[in-house]
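The structure under discussion appears below in the form of structure tokens.
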Amino acid sequence: MDVQQDYRGCRMVDMMKRIATLSFVSALLAVTLSPAGTAVAGSSPRFLTLPFPQTSGMRIEDGFLRGAGDVHGGVDYINGRVGRPGTWQTFPVIAAAGGRACAARSRVAGCGADGISNGIGNRVVIRHRRDGRIWYSYYGHLKNFAPGLAVGTDTYVTRVRRGEFLGMAGESGNPNTATHLHFEIDTPNGTPVDPYDVYGYRSAYPNPRGTNGRDCGNDHLWRTCPPDPPDDTSGIP
Ligand SMILES: [Zn+2]
Numbered sequence: 238m239d240v241q242q243d244y245r246g247c248r249m250v251d252m253m254k255r256i257a258t259l260s261f262v263s264a265l266l267a268v269t270l271s272p273a274g275t276a277v278a279g280s281s282p283r284f285l286t287l288p289f290p291q292t293s294g295m296r297i298e299d300g301f302l303r304g305a306g307d308v309h310g311g312v313d314y315i316n317g318r319v320g321r322p323g324t325w326q327t328f329p330v331i332a333a334a335g336g337r338a339c340a341a342r343s344r345v346a347g348c349g350a351d352g353i354s355n356g357i358g359n360r361v362v363i364r365h366r367r368d369g370r371i372w373y374s375y376y377g378h379l380k381n382f383a384p385g386l387a388v389g390t391d392t393y394v395t396r397v398r399r400g401e402f403l404g405m406a407g408e409s410g411n412p413n414t415a416t417h418l419h420f421e422i423d424t425p426n427g428t429p430v431d432p433y434d435v436y437g438y439r440s441a442y443p444n445p446r447g448t449n450g451r452d453c454g455n456d457h458l459w460r461t462c463p464p465d466p467p468d469d470t471s472g473i474p
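Under this note's numbering, the sequence shown has 324 at position 87, and the numbering climbs by one with no breaks.
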């Protein structure tokens, strides 16, 4: 079977997942736009911190949507200038919350990649349990892995704490773009959810430094919004 590559290098979202997500977004929009609707406080746990230790130079390249309505399903973070891949530098990628992690190399199935290998490259997936619910955080295109991770595992064997170093951002699995982090939150059935509860394009998101005046939706998953890195970033290269 041919290896499938997303043009932009992010995880190939299969058609059913796309449809499910679009339905979800449509339902969300319907609720949001309902004239009878009122803002409701979110019911999701607020447990995530930014997946990198410092915000200087960091930007969002793509939000949950991109291009012409393409459901991207995650947030792409860069250390450089928006739309200028030649300026994108690597940066440390850290756990957005504590949990148990698997890690796998590019083109190897398992650990967040379906039966076929895909464009996500080297990745780490962390399984989190909060308020009796399971969430997965997904870190794609890594350049390398932190020494403590068990790489090549399809089970969540490595215990990681919030802010723990996972590896350096890279462009693995992805010949068509440059160094960035694909950060995604999934439910147990593999449906991506937007941790910002924005479900929009890049310009709708609070930037990593929290300086552009944008806000999260009511059902966001961050400890604070705009989100911050964890307090303890010791031991990160
Ligand atoms: Zn992405």
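Beta carbons: idealized from backbone N, C-alpha and C, even for Gly.
Under the DSSP assignment, residue 420 falls in the beta strand (DSSP E) whose first and last residues are 418-423. Under the DSSP assignment, residue 374 falls in the beta strand (DSSP E) whose first and last residues are 370-379.
Sequence-distant Cβ neighbours of residue 318 in its own chain, meaning closer than 6 Å and more than five residues away, are 324.
Look at residue 307: its beta carbon is at least 6 Å from all of the heavy atoms in ligand 1. When DSSP states are grouped into helix, strand and coil, residue 324 belongs to the helix group.
Rounded to whole angstroms, residue 304 and residue 320 show a C-alpha spacing of 12 Å. Residue 292 is classed as buried because its beta carbon has at least 16 other beta carbons within 10 Å across all chains shown. Scanning its chain for C-beta atoms nearer than 6 Å, with the 5 sequence neighbours on each side dropped, one finds around residue 337 the residues 364, 393 and 396, in chain order. Sequence-distant Cβ neighbours of residue 435 in its own chain, meaning closer than 7 Å and more than five residues away, are 300, 301, 441, 442, 453 and 454. Residue 322 and residue 420 do not touch by the CB rule: their CB atoms are close to 18 Å apart, not below 8 Å. Taking the Cβ of residue 313 as the reference point, at least one heavy atom of ligand 1 falls within a distance shorter than 6 Å.
In the DSSP assignment, residue 365 falls within the beta strand (DSSP E) that extends over 359-367. Residue pairing for residue 312: DSSP places it in a beta bridge opposite 420. Under a 10 Å Cβ-count criterion, residue 332 is classified as buried, with 16 or more other Cβ atoms of the shown protein chains found around its own Cβ. When the alpha-carbon of residue 377 is set against those of 298, 425, 450 and 341, the nearest one is in 341. Ranked by how close their Cα comes to the Cα of residue 314, the residues 358, 462, 349 and 445 have 445 in first place.
Non-local beta-carbon contacts of residue 367 in its own chain, meaning distances under 7 Å to residues more than five positions away in sequence, involve 282 and 284 in chain order.
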